[in-house]
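Visitor:
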Amino acid sequence: MLASVRGPVLFADDDGFTDEAAVFNTTVAHRPYVIIGATDVADVRSAVRFAAEEGRSVAVLNTGHGPSLNVSQDAVMITTRRMTGLEVDGEQWTARVEAGVTWGQVVEEAAKVGLAPLAGSSPQVGVVGYTLGGGVSVAIGRAFGYAADHVREIEIVTADGELRLVTPESAPDLFFALLGGKGNFGVVTAMRFSLFPVPELYAGFLQFPGENAREVLQAYRSLAADAPDRLTSSIVFLRAPDLPFVPEFMRGKLSVFVRLAYLGPSADGEALIAPLRTVAPVLVDTVTKMPIGQIATIANDPTDPGAAVEHFAMLDELSPSAMETILELAGPDSDGHITLVTLTHLDGAYGDSPERPNAVRRDVAFALLALTVVPPGASAVDKDLGRELTRRLTKPDGRKHPSYLSPADAAVDSVRLAYDEATYERLRTAKTTWDPRNMFRWNYNIPPRA
């Protein structure tokens, strides 16, 4: 079965095995039974059929940026980074991408014809994995909703090794489940989705001293409370390490960033954010008219792999008590061990029901990420510094979101909290139909019914 595979087939003792299994977050280490570096759909089908014949599970690794579980020696791992086909249709306002395409590639190609995708903050992140969880755009998300809301068709190899073209008409149950249900139903090899006529934005970030965190957070709360859907934003508390590669004015200090992207005339955007520019000293101001091809500069996400632990909390509102908790545990007077706290404003079109229904939840106003960089030899306590913050902010119902799950949320009972009851039962029905043996379980697993 594997003799027909065109890409590399690597076992644990083979050269290249470790590099092929490498991921962006180095706290994760994969040791599958075999890795198949798929170059095309035929390779994926062969890998899935081999796993079925061997009675093994299947794990999928796209670009390696998604938080993931340590894959064990039971699994057949399929890496899709070699599947890089990308087509942008400037007349239909669509893009078709294969499973290894990253957002940076799509942004670049779409910008050539004056179009924009619902891309995430990092250009290195894979399109497919991001979209299967929902997909929160750093630039135009509040105007248009989740990336999953605008998918038109999906190509997937299911547990029987067959390639299927999935649309809302051809397989409505599977289409619904794939978008929000993540990697539970097969190996997505390609998808086609809508683009938007957005050639430029008024966008960038404002950076403030950490000692002004309270004033900036209060001003951000006021901005978000009245923000039009055309304004997409987030606020970030970043405590930079005291290292030579960090700008001197930031070393070992807390900074507060407000990331902004306004879809409309620059004058209107400037008026919207004017109160922010006067609330505290501005250390850096990059907000300006920006070609859509430069949206990665809004967040300036790191590009080198590293070790970090993530925790998430979903908020109904940015209440005074939530603000006090954030300031207490991540502000200027905190112990300073949480490296990064990001609060992303959702609402807007994120709360709208899409034309093509999917499993992404709509009832979250803000999503909070607490990230702690974990140096070698860090203690278990250090690795969970963000847990207390997210625990105190989480609602009594424990609500989670498929776009915001970390390895700490991988237990079945935790995954269930990412969906309302009706959606979860619909996902389990689809799982039972399409993957009754739970072959695809190295993910945020939704088990089939017994």
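If you count by full-length UniProt numbering, then the sequence shown holds residues 1 to 450, one letter each, in order.
Glycine included, each C-beta is placed from N, C-alpha and C at the ideal position.
(1) Is L368 helix, strand or coil by DSSP?
(2) What's the call for F249, buried or exposed, on a 16-neighbour Cβ count within 10 Å?
(3) Leaving aside the five residues before and after P117 along the sequence, list all residues of the same chain whose C-beta is less than 6 Å from its C-beta, in chain order.
(4) At which residues does the alpha helix (DSSP H) containing R164 begin and terminate?
(5) Note down, one range per segment and in chain order, each alpha helix (DSSP H) of at least 4 residues found wholly within the region 272-349.
(6) For L217, collect the residues of the same chain with a Cβ closer than 6 Å to its Cβ; drop the 5 residues on either side in sequence, then sort them by chain order.
(7) Taking the continuous beta strand (DSSP E) assigned at A422, which residues delimit it?
(8) Would you grab the beta carbon distance between H311 and R387 for me? Rounded to a whole angstrom, and I think it's under 8 Å.
(9) State yes or no: is the C-beta of I338 within less than 8 Å of the C-beta of L389?
(10) Between the alpha carbons of L417 and L263, how many angstroms are there, rounded?
(11) For the beta strand (DSSP E) containing A262, list its first residue and its last residue.
(12) Closer than 6 Å by C-beta to D173: which residues in its own chain qualify, once you throw out the five before and the five after it? Chain order, please.
(13) Is the distance from the Cβ of W103 to the Cβ of V125 below 8 Å?
(14) Can you name the start and end residues of the alpha helix (DSSP H) that V107 belongs to?
(15) When you compare only the Cα positions, how much space is there between residue 482 and A370?
(16) If we count the other Cβ atoms within 10 Å of its Cβ and call it buried at 16 or more, is D435 buried or exposed?
(17) Just to confirm the assignment, what range does the beta strand (DSSP E) spanning A42 have?
(18) Please list the terminal residues of the continuous beta strand (DSSP E) segment that includes G37.
(19) Leaving out five residues before and five after T432 in sequence, what residues of the same chain have Cβ atoms less than 8 Å from its Cβ?
(20) Please look up how many angstroms separate the CB atoms of residue 467 and M439, rounded, as I've assumed it's under 8 Å.
(21) Between the C-alpha atoms of P275 and V127, what's the straight-line distance to the nearest angstrom?
(22) Can the beta-carbon of Y350 be found less than 8 Å from the beta-carbon of R142?
(23) Can you give me the start and stop residues for the alpha helix (DSSP H) that P402 sits inside?
(24) Using 8 Å as the threshold, is the C-beta distance between I36 and I78 below it?
(25) I'd like to confirm something about V284: is its beta-carbon nearer than 7 Å to some heavy atom of the ligand ZN, or not?
(26) What runs of the alpha helix (DSSP H), each 4 residues or longer, lie entirely inside the region 152-221?
(27) Please report how far the alpha carbon of G269 lies from the alpha carbon of Y202, in whole angstroms.
Guide: In this structure, then:
(1) Looking at L368 - three-state DSSP - the assignment turns out to be strand.
(2) exposed
(3) V106, A110 and L195
(4) From DSSP, R164 is part of no alpha helix (DSSP H) but of the beta strand (DSSP E) over L163 to V166.
(5) 320-330
(6) M323
(7) Segment E421 to W434 is the alpha helix (DSSP H) holding A422; no beta strand (DSSP E) there.
(8) 5 Å
(9) yes
(10) 33 Å
(11) First, the amino acid is wrong: residue 262 is Tyr here, not Ala. First-last of the beta strand (DSSP E) with Y262: L254 to Y262.
(12) A430
(13) yes
(14) W103 to A111
(15) Residue 482 falls outside the range modelled here, since the chain spans only 1 to 450, and no answer is possible.
(16) By the neighbour-count rule (16 or more Cβ atoms within 10 Å), D435 is buried.
(17) Note, A42: premise wrong, no beta strand (DSSP E); alpha helix (DSSP H) at V41 to E54.
(18) V34 to G37
(19) The residues P448 and R449, in chain order, have a CB closer than 8 Å to that of T432 in the same chain once the five nearest residues on each side in sequence are set aside.
(20) This structure cannot settle anything about residue 467, because the visible part of the chain is limited to 1 through 450.
(21) P275 and V127 have their C-alpha atoms spaced approximately 35 Å apart.
(22) yes
(23) No alpha helix (DSSP H) holds P402; DSSP gives it neither H nor E.
(24) yes
(25) With respect to the ligand ZN, the structure shown offers nothing to examine, as it has no ligands at all.
(26) 172-181
(27) 6 Å
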